[in-house]
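Just below is one structure, and these are the notes that go with it.
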Amino acid sequence: MHEDTRFGLDKKTQLLGPVQLDSGVEFAPVEFAYETYGELNADKSNAILICHALTGDQYVASNHPVTGKAGWWTRMVGPGKPIDPTRHCIISINVMGSCMGSSGPASIDPTTGAPYAMAFPVITIADMVRAQALLLNHLGIDILEAVVGGSMGGMQALSWAALYPDRVRSAVIIASTARHSAQNIAFHEVGRQAIMADPSWNNGAYYGHEAPTAGLAVARMAAHITYLSEAGLTEKFGRRLQNRDAKSFGFDADFQVESYLRHQGLSFVDRFDANSYLYITRAMDYFDLAEPHDGVLAKTFAGTKTRFCLISFDSDWLYPTAESRRIVHALNAAGAAASFVELSSPFGHDAFLLEAPEMNRIVDGFLRAGESR
Amino acid sequence: MTALRPDLAIIAREVSAHARILDVGCGDGLLMAALRDTKDADARGMELDARDVATAVARGLSVVQGDADTDLADYPDGSFDYAILSQTLQTTKRPDLVLDHLVRIGRQAFVSFPNFAQWRIRFAHMFGGRMPVTEQLPHRWYDTPNIHHVTIDDFRSFLDERNIRIEGQWFLSGDKPRDERLANLLAEHAVFLLRRD
Chain R
3 MHEDTRFGLD
13 KKTQLLGPVQ
23 LDSGVEFAPV
33 EFAYETYGEL
43 NADKSNAILI
53 CHALTGDQYV
63 ASNHPVTGKA
73 GWWTRMVGPG
83 KPIDPTRHCI
93 ISINVMGSCM
103 GSSGPASIDP
113 TTGAPYAMAF
123 PVITIADMVR
133 AQALLLNHLG
143 IDILEAVVGG
153 SMGGMQALSW
163 AALYPDRVRS
173 AVIIASTARH
183 SAQNIAFHEV
193 GRQAIMADPS
203 WNNGAYYGHE
213 APTAGLAVAR
223 MAAHITYLSE
233 AGLTEKFGRR
243 LQNRDAKSFG
253 FDADFQVESY
263 LRHQGLSFVD
273 RFDANSYLYI
283 TRAMDYFDLA
293 EPHDGVLAKT
303 FAGTKTRFCL
313 ISFDSDWLYP
323 TAESRRIVHA
333 LNAAGAAASF
343 VELSSPFGHD
353 AFLLEAPEMN
363 RIVDGFLRAG
373 ESR
Chain S
164 MTALRPDLAI
174 IAREVSAHAR
184 ILDVGCGDGL
194 LMAALRDTKD
204 ADARGMELDA
214 RDVATAVARG
224 LSVVQGDADT
234 DLADYPDGSF
244 DYAILSQTLQ
254 TTKRPDLVLD
264 HLVRIGRQAF
274 VSFPNFAQWR
284 IRFAHMFGGR
294 MPVTEQLPHR
304 WYDTPNIHHV
314 TIDDFRSFLD
324 ERNIRIEGQW
334 FLSGDKPRDE
344 RLANLLAEHA
354 VFLLRRD
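If you want it as C-alpha cells, here you go:
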C-alpha cells in the first residue's frame with residue numbers, strides 16, 4: 003500500500019460522479035480533499051470513516067494548514083488512542099459544501115470558470131454521505147468497520163447507517179441528533195442573516211473582493227454560545243472585566259466573555275468561507291432522518307445489522323440527551339444492537355472535542371468488540 | 164471471571180443457548196458477559212447508572228442507559244427470548260407495569276428479588292420494631308433504593324391476578340438452594356421464570 007497514491011495526508015482528487023442530490027440536481031464532477039492514516043489491511047476490514055462537524059475539516063489528526071493548530075480530534079485519533087492508525091485505516095473527508103478543498107461554493111464551476119457562489123446546489127447531510135461513498139468506492143473500500151462522528155459528524159454517521167446499512171458495521175454517534183429542532187434552525191438562521199446582512203456578501207458573489215467577514219464573525223459568535231454551557235461560561239468568565247478595572251461606559255469589550263467571543267469570531271473568518279457556512283447550516287437544518295419514513299425513526303433502521311454506540315453530554319443544550327434517547331428508542335424498537343450513555347461534563351456541546359476519558363473508554367471498548375466479531 | 168451472584172448463576176444456567184436476551188438493570192454487565200461467553204447469547208442491557216453503562220459498553224456489550232420505569236415501552240412484543248430483571252423489581256416506581264412489559268417483551272422472563280417475608284426480616288420488624296437492616300437489605304429506611312418490597316407470596320398472587328404463568332422457580336438461602344416448602348418464610352431470594360398466558 004506504500005506507493006498507493008490514493009492514501010496518505012492532504013490528498014485531493016476529482017471524481018466524475020455524479021452525486022444524485024436530494025434537490026434533484028446531478029452534481030458532477032466532484033472534488034474531494036481528504037486524509038488517511040494507517041494502512042488498509044489485506045481483507046480491507048479495518049477502515050474507519052471519521053465525519054467532521056459544521057466547521058471541521060479533514061485534518062482530524064494532522065496540523066491545520068491555515069491555523070497551524072493540531073488536528074481537531076487528536077484526543078480520539080492517534081497511536082494508542084481508541085481510533086488508532088496502527089490498527090485502523092482512518093479516512094477523514096472534507097464534506098461537500100465546505101471550503102477546505104472539497105466541492106463547495108468557493109470551488110470553480112467548470113462550466114463558467116468562476117466560483118460557483120450561490121450557483122452551488124443546496125445540499126443535504128445525505129448528499130454529503132453519498133459523495134463520501136463515491137470517494138470510498140474510489141479507494142476500494144466497500145465495508146466500513148465504523149463510521150464515527152460528533153455533532154454534524156454524528157448526523158453523517160446516522161445517515162451512513164440509514165443509506166448504506168450493508169457498508170457500515172458499527173456507527174459511533176456523539177453529541178448529535180436525528181433531526182434539527184426549531185431552536186437549532188433558529189440559531190442557524192441568525193447566523194445566516196448576519197452573513198447576508200453584511201454588504202460585502204453581495205448575494206454570495208464576493209470571491210476576489212472583500213469577504214463578508216463581519217457577518218461571518220457574528221454568525222460564529224452566536225453559534226459559539228450554543229457550543230458552551232451557561233455554567234461553563236460562568237466559570238470561565240463570570241462577570242469579570244477585560245484588562246480594565248472599571249466599566250468603560252462605552253461599547254468596547256468590557257467583559258471577558260465579549261472579548262472571548264470577538265476573538266472566536268475574528269479567528270474563524272481566517273479559515274472559513276461565509277457561503278460554505280450558509281450551505282452547511284442549511285444542510286443541517288434540512289436534516290430529519292425520519293422524514294423519508296413518515297416520521298417514524300424506527301423504520302429508518304428496520305432490519306439493520308449495524309451496531310450503534312451513542313454518547314451524549316448532560317450540559318449539551320444544542321443536541322441534548324433527549325435527542326440521543328429518541329434515537330436509542332428507535333434503535334431498540336428496530337431491534338438494533340445499540341449502546342447509549344449520557345456522560346457528565348461542564349463543557350456543553352463542545353465536550354466531545356475535549357478531554358473525556360470516559361468517552362474514550364467507551365469508544366475503545368465498543369470498537370474492539372466489533373473487531374473481535 | 165468474577166463469580167456470579169447466586170441468583171444470576173441460576174439464570175445463567177437456565178437460559179438456553181443462542182438466546183436473545185434483554186437484561187433490565189444489568190449493572191456493569193456481568194450476567195450479560197457470562198451469557199455471551201458461555202451460552203453464545205445475543206445480549207442487550209439497560210441500566211440507570213452511567214458509570215455501570217460505561218463499564219459494560221467498554222466490555223463490548225450493547226447496553227443503553229435507561230430507566231425500567233420509563234424506557235421499556237419502545238421494545239416490541241416478543242422481541243427477546245428472555246427478558247431478565249434481577250434484583251431490580253423492588254427498586255422500580257411501578258413494579259406491576261415493569262412486570263407487564265417484561266412478559267410482553269420477552270417470550271419468557273426471569274425475575275429475581277429479595278424475599279421480604281424471610282424470617283430474619285420478620286423478626287427484626289416484630290421484635291426490633293424497626294425497618295429491617297440485614298445483610299441482604301443493608302440500607303436504612305431513608306436511603307434505600309428498595310422502595311417496593313415484596314414477598315414470595317405477594318409475588319405469586321400478583322402473577323395470579325395478571326395471568327402470568329410460573330414456568331420455573333428457585334429459592335436461595337445465602338448461596339445455597341432450598342426447596343419450595345416454606346419458601347416464603349425461609350428463603351432469602353427467589354428466582355422465577357415467567358410467561359404471559
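If you read the protein sequences in the order shown, they are chains R and S.
Heads up, the first sequence is in my numbering, so the first residue is 3 and it goes up one at a time.
Heads up, the second sequence is in my numbering, so the first residue is 164 and it goes up one at a time.
The beta carbon of each residue, even a glycine, is placed where N, CA and C say it ideally should be.
Query, Result
"Whether V313 (chain S) touches L335 (chain S) by CB criterion (9 Å)", "no"
"Residue range of the unbroken beta strand (DSSP E) whose run includes K301 (chain R)", "Segment L299 to T302 is the alpha helix (DSSP H) holding K301 (chain R); no beta strand (DSSP E) there."
"Reduced DSSP secondary structure (H/G/I, E/B, other) of F243 (chain S)", "strand"
"Distance, G115 (chain R) Cα to N334 (chain R) Cα", "50 Å"
"Counted within 10 angstroms of its Cβ, other Cβ atoms place A37 (chain R) as buried (16 or more) or exposed", "Per the sequence shown, residue 37 (chain R) should be read as Glu rather than Ala. Label assigned to E37 (chain R): buried."
"Cβ pair S444 (chain S), I174 (chain S) closer than 9 Å", "Past the boundaries of the shown model lies residue 444 (chain S); chain S is included only from 164 to 360, so the question cannot be answered."
"Buried/exposed call for R246 (chain R), threshold 16 Cβ in 10 Å", "exposed"
"Reference G206 (chain R), options R:I95, R:T15 and R:A108, closest by Cα", "R:A108"
"Amino acids of chain S, ordered along the chain, whose beta-carbon sits closer than 9 Å to that of R363 (chain R)", "A217, T218, V220 and A221"
"Close beta carbons around G337 (chain R), own chain, < 7 Å, minus the five adjacent residues each side", "none"
"R199 (chain S) classed as buried or exposed, judged by whether at least 16 other C-beta atoms fall within 10 angstroms", "buried"
"Reference F9 (chain R), options R:Q22, R:I95, R:P67 and R:P112, closest by Cα", "R:I95"
"Any chain R beta carbon closer than 9 Å to D232 (chain S)", "no"
"Reduced DSSP category for T15 (chain R) - H, G, I as helix; E, B as strand; rest coil", "strand"
"Start-to-end residues for the beta strand (DSSP E) that takes in A353 (chain S)", "H352 to R359"
"S336 (chain S): first and last residue of the uninterrupted alpha helix (DSSP H) it sits in", "No alpha helix (DSSP H) contains S336 (chain S), which is instead part of the beta strand (DSSP E) from I327 to S336."
"Pick from R:S178, R:R264 and R:T308 that is closest to S172 (chain R), judged by C-alpha positions", "R:T308"
"Interface partners of H331 (chain R) on chain S, CB under 8 Å", "D234 and D237"
"Stretch pair the stretch 246-256 of chain R + the stretch 194-211 of chain R: three plus CB contacts closer than 8 Å", "no"
"Sub-9 Å separation of K46 (chain R) and E33 (chain R) beta-carbons", "no"
"When R:Q266, R:G240, R:V271 and R:D272 are compared against F257 (chain R), the one with the closest alpha-carbon", "R:G240"
"CB contact check: D366 (chain R) to chain S, cutoff 9 Å", "yes"
"Three-state secondary structure (DSSP) of Y39 (chain R)", "strand"
"Beta carbon proximity, R264 (chain R) to chain S, threshold 9 Å", "no"
"Chain S contact residues for S341 (chain R), given Cβ-Cβ distances below 7 Å", "V220, S225, V226 and V227"
"Among R:A225, R:C91, R:I127 and R:C101, nearest to L138 (chain R) - alpha-carbon criterion", "R:C91"
"The stretch 272-287 of chain R in contact with the stretch 214-225 of chain R per 3-pair CB rule at 8 Å", "yes"
"Minimum Cβ-Cβ distance from N48 (chain R) to chain S less than 9 Å", "no"
"Per-residue DSSP class, three states only, for Q228 (chain S)", "strand"
"Proximal residues to V2 (chain R) (C-beta, below 6 Å), its chain only, five neighbours per side dropped", "The structure shown does not extend to residue 2 (chain R), since chain R is modelled only from 3 through 375, so no value can be given for it."
"Cut-off 7 Å between Cβ atoms - residues of its own chain near R363 (chain R), not counting five sequence neighbours on either side", "none"
"Nearest-angstrom Cβ-Cβ length linking V170 (chain R) and A163 (chain R), presumed shorter than 8 Å", "5 Å"
"Simplified DSSP state of A164 (chain R), which is helix, strand or coil", "helix"
"Residues that A287 (chain S) contacts on chain R, provided the C-beta gap is smaller than 9 Å", "The premise fails here: A287 (chain S) is roughly 38 Å from chain R at the closest Cβ pair, so nothing lies under 9 Å."
"Burial state of L299 (chain R), where buried means 16 or more other Cβ atoms lie within 10 Å", "buried"
"6 Å Cβ shell around I93 (chain R) - same chain, five flanking residues per side excluded", "T38 and L51"
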